[in-house]
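For reference, the structure discussed in these notes is given below.
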Amino acid sequence: MTWFDSFQIAIHNIQHSKLRFTLTCLGVVIAIATLVSMVSFGAGLRRETVGNLETRELFSSFRVVGARQAQNLRRFRGQPPAERESPALDDALVKKLSKIPGVQSVQPDIVLPVQLKNGNHAYLTRVQGGGPHIAPLSPFSRITDGRFLSGVSGREIVLSYWVAERLGFNPPQAAVGSTIELLTDRMREEAGEDDPPIETIRFPYRVVGVLPRVIVTQRNPFYMGTIIPLDEARKLWDQSLASMAALSSAIAAEQGRGREYPAIDVRVDDVANMDRVRREVESWGNYTFAIADEMDTIMRAFLILETILSVLGAIALLVASLGIANVLIMSVMERTQQIGIMKAVGGTDQDVRRIFLLEAGCIGMVGGILGLISGWGLTRVADFFIRRYFEQHQFQQVPDLFDLPLWLILGALAFSTAFSTISGLVPAQRAARIDPARALRTG
Amino acid sequence: MSSLRLESVSKEYSMGDRLVRALDSVSLEIQAGELVGIAGRSGSGKSTLLNLLAGMDRPSSGAIWAGNRNLAAMSSRELANHRQHTVGMIFQFFYLVTTMTALQNVALPMAFSGVAASQRLDRARSLLESVGLRNREDHLPAQLSGGEQQRVAIARALANDPEFLLADEPTGNLDSATAQEILSIFKELNAQGRTIICVTHEMELFSGIVGRFIRLQDGKVAN
């Protein structure tokens, strides 16, 4: 008997027990839908996180941190305290870092809370200071509307897609060429008796570029890319009350030191140079931190999460498989006479076994396909609610937490079909062993 | 054309602690082209004998020769092959697959023997025509009368054009008029050269068509 003929008989048998097979199939559908939606969540979370890190080119960058942060990190990592005081994160260190071979850019960490205003649209955000030296880096390298900053000074601003949108530009790219206001607070220099001690200062900035839409999972404007020239940021830093940096500057000035940054970001031209550059910086007594250090831990955490989710899904499928085995064993008992007839007219043990295995496989395959569709539907429903939640809590961009890659689609189908077929082994073997003469006599 | 030959065939069943000897050293030969009746009382071993000839059961001892092949030494796959090509079975209770149409039932043995789908449907239709049921091919067994079901079963038994037709009480479940119809089909098939072995306890009814009777009594050949 050909496989096709066996398949036709299997389908014929399924069609004549529709309700039973539908209910059995439903078990597989639920199991696969659970499996797919959970693994899809794990895969989506991993893609989102790793994708974000890659987008920000964090694998080729590290951060030189200040003494206090270094102390905390050492404690967190179980390392002994520093033997000597680390060099100050000042402009001299920025210059020194820039001269290390393999360093592509050095970016002092200047992030300032400001209010941006376009007519009636105002948006409280933070801006970063930067210059043309970071233009080739992501996300600035991806500007398609307008251009990047032309220098380290001048009243130019590059807006992120989301900030431009919130400033009322529709589409956000329409912001290019517009002039917006940047507002910040400072201590009033000469205050009259009735004047409040704090005044708001405002500066006009010309929007020279808008960044394309990028994946952002947290409310971190640094990575959202709204950026002004470095020197302008330094000036604001000195004035802005809201800036913690201004406070640290004041302390440093009191101690007779120059401006100190809380951190300096260093990007290397090639990931291969990371270790060498970091070793050199650490040899000066500075402490560095790179996301790549934590990558193994992150990936291990994802692996554990995905394994747990897969195991939960597999348990659901195991339960469904027991259902299949139960239904098929009942079916063998009920169809003993039919099996006897098939053998009496020439059916071999293998023919009978194959028909039952195909019936089990068909349940798995159909259940798998419907389960995939249902699982996908579940992820869409969950995604809808997650989006609503994120929007209600004013996250800048909602992450896509579900991923349905090809390996998951094919894997779920193969898993479901294989599991179901395996669960049909015992019933199929029982059917194959049926003695035709006895089956007809007692059937 | 070959013959069927039994040499000292015994068959024992265990029923609980008891061993039942259904056939006891039976030796006989059925020549090609014969129409033979196997008669005997209930429990005499008639059906056991037919099952052994059909390869649906194995003897406890002895040899069963279909031509030069010994069924007792065959593997289960070879026995299935014997049931596909050498013998066709007809039963008292017809044993049609209840969920299949008459046409599908007749085509089923050909599916097991690997005949292409279009060929087997053509042949199944032609066989149904030969038993006068061409217009009933899409009917399920439950929609057919007893006589019609038995005719479908005969068509199914002939599907792979076997040398031997083995019928177990083929008229046992039919009224006398329908039984006569079935007998005339057997007579015609035998006239065409087909070897037919009928197990029956209705010796009178079959005496008009069989060449000889083999009588079984307590598992042994009585005549």
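Line by line, the protein sequences give chains W and A. When you number the first sequence by the numbering used here, it's gap-free, plus one each residue, and the end is 520. When you number the second sequence by the numbering used here, it's gap-free, plus one each residue, and the end is 226. Every residue, glycine too, gets a C-beta built ideally from N, C-alpha and C.
Q: Report the three-state DSSP secondary structure of Ala-340/W (helix, strand or coil).
A: The count along the first sequence starts at 1 and reaches residue 340/W at position 263. Note: Ala-340/W maps to strand in three-state DSSP.
(Q) Just list the residues that DSSP pairs Trp-68/A with in beta bridges. (A) Within the second sequence, residue 68/A is the residue found at index 65, counting from 1. Answer is Arg-8/A, Asn-73/A, bridged to Trp-68/A.
Q) At a CB-CB cut-off below 9 Å, which residues of chain D make contact with Ala-127/A? A) The displayed structure is made up of protein chains W and A, and chain D is not among them.
Q. Are there 16 or more other CB atoms within 10 angstroms of the CB of Val-23/A, so buried, or fewer, so exposed?
A. Along the second sequence, one-based indexing puts residue 23/A at 20. So Val-23/A ends up on the exposed side.
Q: My understanding is that Leu-131/A touches Leu-106/A, with C-beta atoms under 8 Å, so please give their C-beta distance in whole angstroms.
A: Within the second sequence, numbered from 1, the residue matching residue 131/A stands at position 128. Within the second sequence, numbered from 1, the residue matching residue 106/A stands at position 103. That belief holds up - the Cβ atoms of Leu-131/A and Leu-106/A are roughly 7 Å apart, short of 8 Å.
Q | Between the CA atoms of Asp-308/W and Ala-349/W - distance to the nearest angstrom | A | In the first sequence, the residue the question calls residue 349/W occupies position 272. In the first sequence, the residue the question calls residue 308/W occupies position 231. Those two C-alpha atoms are separated by around 31 Å.
(Q) To the nearest angstrom, how far is the alpha carbon of Glu-258/W from that of Pro-185/W? (A) Within the first sequence, residue 258/W is the residue found at index 181, counting from 1. Within the first sequence, residue 185/W is the residue found at index 108, counting from 1. Rounded to whole angstroms, Glu-258/W to Pro-185/W spans 24 Å at the Cα level.
**Q.** Near-chain A residues of the stretch 411-426 of chain W (beta-carbon distance less than 9 Å), N- to C-terminal order
**A.** Gln-414, Gln-415, Gly-417, Ile-418, Met-419, Lys-420, Ala-421, Val-422, Gly-423, Gly-424, Thr-425, Asp-426
Q) In chain order, what residues of the same chain have a beta carbon less than 8 Å from the beta carbon of Ser-94/W, not counting five sequence neighbours either side? A) Locating residue 94/W in the first sequence gives position 17, where the first residue counts as 1. Correct list, in chain order: Ser-408.
Q) Ala-516/W to Leu-7/A, Cα distance in whole Å? A) Within the first sequence, residue 516/W is the residue found at index 439, counting from 1. Within the second sequence, residue 7/A is the residue found at index 4, counting from 1. Distance between the alpha carbons of Ala-516/W and Leu-7/A: 25 Å.
**Q.** Within chain A, the residues that Asp-460/W reaches when beta carbons sit closer than 8 Å
**A.** Here residue 460/W corresponds to residue number 383 of the first sequence, with the count starting at 1. Result: empty, since nearest Cβ-Cβ is about 44 Å, beyond 8 Å.
Q) If we count the other Cβ atoms within 10 Å of its Cβ and call it buried at 16 or more, is Met-78/W buried or exposed? A) The sequence position of residue 78/W within the first sequence is 1, counting from 1. Burial call: buried.
Q. Under a CB-based cut-off of 8 Å, is Leu-517/W close to chain A?
A. Locating residue 517/W in the first sequence gives position 440, counting from the first residue. Yes - at least one Cβ of chain A is within 8 Å of the one on Leu-517/W.
Q) When we look at the beta-carbon of Gly-211/A and count the other beta-carbons within 10 Å, is it buried (16 or more) or exposed? A) Translated into the one-based positions of the second sequence, residue 211/A becomes position 208. Exposed, since its Cβ has fewer than 16 Cβ neighbours within 10 Å.
Q) Is the beta carbon of Ala-147/W sitting closer than 8 Å to the one on Ser-163/W? A) Stepping through the first sequence from its first residue, residue 147/W is reached at position 70. Stepping through the first sequence from its first residue, residue 163/W is reached at position 86. Taking 8 Å as the Cβ cut-off, Ala-147/W and Ser-163/W qualify as a contacting pair.
Q) What are the partner residues of Thr-202/W, as DSSP defines its beta bridges? A) Start at 1 with the first residue of the first sequence, and residue 202/W comes out as number 125. Per DSSP, Val-191/W.
**Q.** Coarse secondary structure for Thr-261/W, derived from DSSP in three states
**A.** Locating residue 261/W in the first sequence gives position 184, where the first residue counts as 1. If DSSP states are grouped into helix, strand and coil, Thr-261/W belongs with the strands.
Q. Quick one: is Leu-96/W near chain A, going by C-beta distance under 8 Å?
A. Here residue 96/W refers to the residue found at position 19 of the first sequence. For Leu-96/W, the answer is no, since every Cβ of chain A falls outside 8 Å of its Cβ.
Q | Proximal residues to Ile-406/W (C-beta, below 6 Å), its chain only, five neighbours per side dropped | A | Here residue 406/W refers to the residue found at position 329 of the first sequence. Counting only Cβ-Cβ distances below 6 Å, and skipping sequence neighbours, we find Pro-504.
Q. Are Phe-189/A and Ala-42/A touching if we call contact CB-CB under 8 Å?
A. As a first step, residue 189/A must be located in the second sequence, where it is residue number 186. As a first step, residue 42/A must be located in the second sequence, where it is residue number 39. No.
**Q.** Span of the alpha helix (DSSP H) around Glu-359/W
**A.** Taking the first sequence and counting its residues from 1, the one referred to as residue 359/W is at position 282. Looking at the DSSP string, the run of the alpha helix (DSSP H) that includes Glu-359/W is 351-360.
**Q.** Classification of His-198/W by the beta-carbon crowding that lies within 10 angstroms, buried from 16 upward
**A.** Indexing the first sequence from 1 puts residue 198/W at position 121. By the neighbour-count rule (16 or more Cβ atoms within 10 Å), His-198/W is not buried but exposed.
Q) Does the distance from the C-beta atom of Asn-163/A to that of Met-113/A stay below 8 Å? A) Here residue 163/A refers to the residue found at position 160 when the second sequence is read from its first residue. Here residue 113/A refers to the residue found at position 110 when the second sequence is read from its first residue. Against a cut-off of 8 Å, the Cβ pair of Met-113/A and Asn-163/A comes out as a contact.
**Q.** With 16 other Cβ atoms within 10 Å as the buried cut-off, status of Met-103/A
**A.** Locating residue 103/A in the second sequence gives position 100, counting from the first residue. Under the 10 Å beta carbon count, Met-103/A is surrounded by 16 or more other beta carbons and is classified as buried.
**Q.** Spatially closest choice to Ser-360/W from Ala-391/W, Thr-101/W, Arg-123/W, Val-141/W, by CA coordinates
**A.** Reading the first sequence from its first residue, position 283 is the one you call residue 360/W. If we check each option's Cα against that of Ser-360/W, Val-141/W comes out closest.
**Q.** Where Asn-163/A meets chain W, residues with beta-carbon distance less than 8 Å
**A.** The residue labelled residue 163/A in the question sits at position 160 within the second sequence. Neighbours of Asn-163/A in chain W, taken as residues whose beta carbon is under 8 Å from its own, are Gly-423 in chain order.
(Q) Run through chain W and tell me which residues come within less than 7 Å of Asn-54/A, C-beta to C-beta. (A) To locate residue 54/A, count along the second sequence from 1; it is residue 51. Neighbours of Asn-54/A on chain W, chain order: Ala-514.
Q: Going by CA-CA distance only, name the one from Leu-169/A, Phe-115/A, Leu-99/A that's closest to Ile-432/W.
A: In the first sequence, the residue the question calls residue 432/W occupies position 355. When only C-alpha atoms are compared, the closest one is Phe-115/A.
Q: To the nearest angstrom, report how far apart Asp-60/A and Glu-81/A are at their CA atoms.
A: Translated into positions along the second sequence, residue 60/A becomes position 57. Translated into positions along the second sequence, residue 81/A becomes position 78. Whole-angstrom Cα-Cα distance: 13 Å.
(Q) Suppose contacts are defined by Cβ-Cβ distances below 8 Å. Is Arg-159/A in contact with Val-109/A by that definition? (A) Numbered from 1 along the second sequence, position 156 holds the residue referred to as residue 159/A. Numbered from 1 along the second sequence, position 106 holds the residue referred to as residue 109/A. Yes, they are a contact pair.
Q: Determine whether the Cβ of Ala-158/A lies closer than 8 Å to any Cβ atom of chain W.
A: For this step, residue 158/A is matched to residue 155 along the second sequence. Cβ-Cβ to chain W under 8 Å: no for Ala-158/A.
Q | Gln-152/A burial status per 10 Å Cβ neighbour count (16 or more: buried) | A | For the purposes of this step, residue 152/A is taken as residue 149 along the second sequence, with counting starting at 1. Its Cβ being crowded by 16 or more others within 10 Å, Gln-152/A is buried.
Q. Where does Gly-423/W fall in DSSP's three states?
A. Locating residue 423/W in the first sequence gives position 346, counting from the first residue. Reduced to three states, the DSSP call for Gly-423/W is coil.
Q) Exposed or buried, Phe-81/W, counting other C-beta atoms within 10 Å across all chains shown (16 or more means buried)? A) Indexing the first sequence from 1 puts residue 81/W at position 4. Exposed is the call here.
Q: Using the Cα positions of Phe-84/W and Leu-435/W, report the straight-line distance between them to the nearest angstrom.
A: Here residue 84/W corresponds to residue number 7 of the first sequence, with the count starting at 1. Here residue 435/W corresponds to residue number 358 of the first sequence, with the count starting at 1. Taking the straight line from one Cα to the other gives about 6 Å.
Q. Looking only at DSSP bridge pairs, what is Met-18/A linked to?
A. Stepping through the second sequence from its first residue, residue 18/A is reached at position 15. Arg-21/A, per the DSSP bridge assignment.
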